[in-house]
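Taking it in order: structure first as structure tokens, then the write-up.
Numbering (the UniProt record's numbering), first residue to last: 1 to 676.
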């Protein structure tokens, strides 16, 4: 190829080529006569060795000379604008065209391939426009100019006016610090989703939020769903913590073990009750005292369990899993924690609708089964008594069975009452929470606070049923108990009613070494099936258990319906805790000093939980606070367990098992010698 260059007017004549070749620092135009006119690159452009003359890119660049060429192919030969200035549309031909970078940018640095970088903590939607402060809680704008999520937060891009793919392309384009970025992604004109704080911060890890690939956010290991609040397949939940399901063999073995322990405890309680009734009918039995301790444990952990599910960001994985499962057992979340149906099949996961049906059916089932047992035994006894003519024995046995069944039904209904109230309350309309995906609140929906997978629009039938159950069960059950207690206990308390508002001395003759062995008090002449409600209270305070029941349900319903983020919940929960602490300190309603101190300690622990939850814990102290709360909430159980161990040791010492074994051995040896 041979090219003749004529310098005059910078015209190039060619006799070989039809088109002028791409010559650096020149731009050439082909004419009809086969002549290509090539001119040096004008101001605002430069030759990059590839495409003839190329315009200086938008940003902090201009070129006020002609015929400039980059030093290497694909390079850049434009002058830099002054610090903090840029050319918006590119092709800058003079330094005067460089304008000050917009608001929110760092004007102490060179603009680069944008309208100056954003200040620390600022973000932008356009490469060449202003930056705005990351004011919304949960935004991560520390190491980049686009919006991403901090750990512990969640957003959702699934609404029409947002486009995750487009924003990811825009963010990736912002990370490109060369002139070869994609011009079609220099701005994002659609909406950014609203950010929500996850109920459990560790569930929303967002571990790739520092890159454009992690803009959508990510849930932690084992978590999924809205706000990362659900467990994936192969996990089950313990107080808002997803734990790996054990092997099915261990699941079945654990269920059988718990059932056997419950059966053994029931048999022991029955044997102990009969034994102590024979020994001394006027003494408070050990079984009565155990029931009193169990009521305190239930009253404490049923409320604390709701707190941990709603407000404490504590991980119950690892070594704490046993403690978390125990608290869930006491909350009577048997199906969730003991049976764990989702570990057998993910489709068997019990949602609030299923829990509601089971919760309503369970009291009816218990009453029906008890009635069936009674009538079956009555029919069998009637048939048997006709043969032997023992009607009086049959009537006596039926009376005993009726008392036992009534006692069992009353105890079960009392123990399950707070948990059934929870499953009823969590389906009321007030238990729904509104979420809006966009900041204009145009794309909103309502989810059930107890299960974010359930939309409240589909719960009309359950909500009406929950209203009916609230009146029929939640309100009527304590009213019936109050009526029965008043009928059977108020007569026995008339003699001591004069001292109701006078604080009595603290059981002066109580042996503090072991309340279980030394507490002696006369039982009121009331039915056995009702005695467990007022046995541990002084006669004039026969109604106190109803107050405690109301306290538990009130604190639970506030958290269930309003959520802990509601200021009214904080105020009323703290007020209730302080009020009951004051009442217990003022009236000292329990007979046993140990019971009274344990109850006050449990109320104090609940109060501390509430106060810690209401206050903002500074960063760096969360771990220590969580450890303190776990120790505090396990201490109630530890105190009672320690007392039980002490009693067991005392009993073994009194029985002197070594002497008993020696006597049995000697007796056996004597019998053996006689036979010989």
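For each residue, glycine too, the CB sits at the ideal point set by N, CA and C. Note that this is a predicted model, so its numbers are computed, not measured.
Please state whether DSSP places residue 142 in a helix, a strand or coil. coil
Residue from 477, 443, 542 whose Cα sits closest to the Cα of residue 489: 542
Do the region 214-221 and the region 161-176 touch if we need at least three Cβ pairs shorter than 8 Å? yes
Starting from residue 47, follow the beta strand (DSSP E) in both directions and report where the run begins and ends. Its beta strand (DSSP E) spans residues 45-47.
Label residue 109 either buried or exposed according to how many other C-beta atoms from any shown protein chain fall within 10 Å of its C-beta, with 16 as the threshold for buried. exposed
DSSP-derived helix/strand/coil call for residue 433: DSSP, reduced to helix, strand and coil, places residue 433 within a strand of the structure shown.
Determine the extent of the alpha helix (DSSP H) in which residue 580 is found, giving its start and end residues. Annotation for residue 580: the continuous alpha helix (DSSP H) segment containing it runs 567-587.
Below 8 Å, can you find three or more Cβ-Cβ pairs linking the region 176-190 to the region 123-137? Cβ pair count under 8 Å is three or more, so yes.
Please report the straight-line C-alpha distance between residue 319 and residue 242, rounded to a whole angstrom. Residue confidence for residue 319 is low, a pLDDT of 40 falling below 50, so the modelled location carries little weight and cannot support an answer.
If we call anything under 8 Å between Cβ atoms a contact, is residue 574 one with residue 627? Pairing residue 574 with residue 627 gives a Cβ-Cβ distance that is not under 8 Å.
Let me know the secondary structure DSSP gives residue 644 once reduced to three states. helix
Whole angstroms are fine: how far does the CA of residue 158 sit from the CA of residue 418? About 38 Å.
Can you tell me which of the three DSSP states residue 378 falls into? helix
Own chain residues within Cβ distance below 8 Å of residue 576, not counting five before or after: 551, 554, 555, listed in sequence order.
Return yes when the Cβ of residue 115 is within less than 8 Å of the Cβ of residue 101, no when it is not. yes
Based on Cα-Cα distance, which residue from 548, 426, 249 lies nearest to residue 482? Ranked by Cα distance from residue 482, the options 548, 426, 249 are led by 548.
Take residue 435 as the anchor and find which of 635, 113, 599, 196 has the nearest alpha-carbon. 196
Sufficient close CB pairs (3 or more, under 8 Å) joining the region 39-56 to the region 65-81: yes
Would you decide whether residue 430 is buried or exposed? Buried here means 16 or more other CB atoms lie within 10 Å of its CB. exposed
Using 8 Å as the threshold, is the C-beta distance between residue 161 and residue 191 below it? Taking 8 Å as the Cβ cut-off, residue 161 and residue 191 qualify as a contacting pair.
How far does the alpha helix (DSSP H) with residue 342 in it reach, from first residue to last? For residue 342, the enclosing alpha helix (DSSP H) covers residues 341-344.
Span of the alpha helix (DSSP H) around residue 241: No alpha helix (DSSP H) holds residue 241; the beta strand (DSSP E) holding it covers 241-244.
How many angstroms separate the CA atom of residue 369 from the CA atom of residue 363? Going from the Cα of residue 369 to the Cα of residue 363 covers about 10 Å.
Answer with buried or exposed for residue 592, where buried requires no fewer than 16 other C-beta atoms within 10 angstroms of its C-beta. buried
Would you tell me roughly how many angstroms separate the C-alpha atoms of residue 376 and residue 401, rounded to the nearest one? 11 Å
Give the C-beta separation of residue 53 and residue 62 to the nearest angstrom, bearing in mind that I take them to be a contact with Cβ-Cβ under 8 Å. The pair is not a contact, with the Cβ atoms about 15 Å apart (cut-off 8 Å).
Please name the residue in 485, 37, 354 whose C-alpha comes closest to that of residue 688. The structure shown has nothing for residue 688, since the chain only spans 1 to 676.
When the Cβ atoms of the region 580-590 are set against those of the region 558-571, are three or more pairs found closer than 8 Å? no
Determine the contact status of residue 351 and residue 454, defining contact as a CB-CB distance below 8 Å. Yes, the pair counts as a contact, with Cβ atoms nearer than the cut-off.
Segment contact flag, the region 592-601 with the region 634-642, C-beta cutoff 8 Å, min 3 pairs: yes
Three-way DSSP call (helix, strand, coil) for residue 188 in this model: coil
Take the Cβ of residue 60 as the centre, count every other Cβ of all protein chains shown within 10 Å, and call the residue buried at 16 or more, exposed below. buried
For residue 199, the nearest candidate out of 90, 229, 206 (CA to CA): 229
If I measure Cβ to Cβ from residue 104 and keep anything under 8 Å in the same chain, skipping five residues before and after, which residues do I get? 118, 119, 122, 124, 130, 131, 132, 133
For residue 122, which residues does DSSP report across the bridge? For residue 122, which the question treats as bridged, DSSP gives the partners 133.
Give me the residue from 635, 76, 649, 343 with the minimum Cα distance to residue 249. Closest by alpha carbon: 343.
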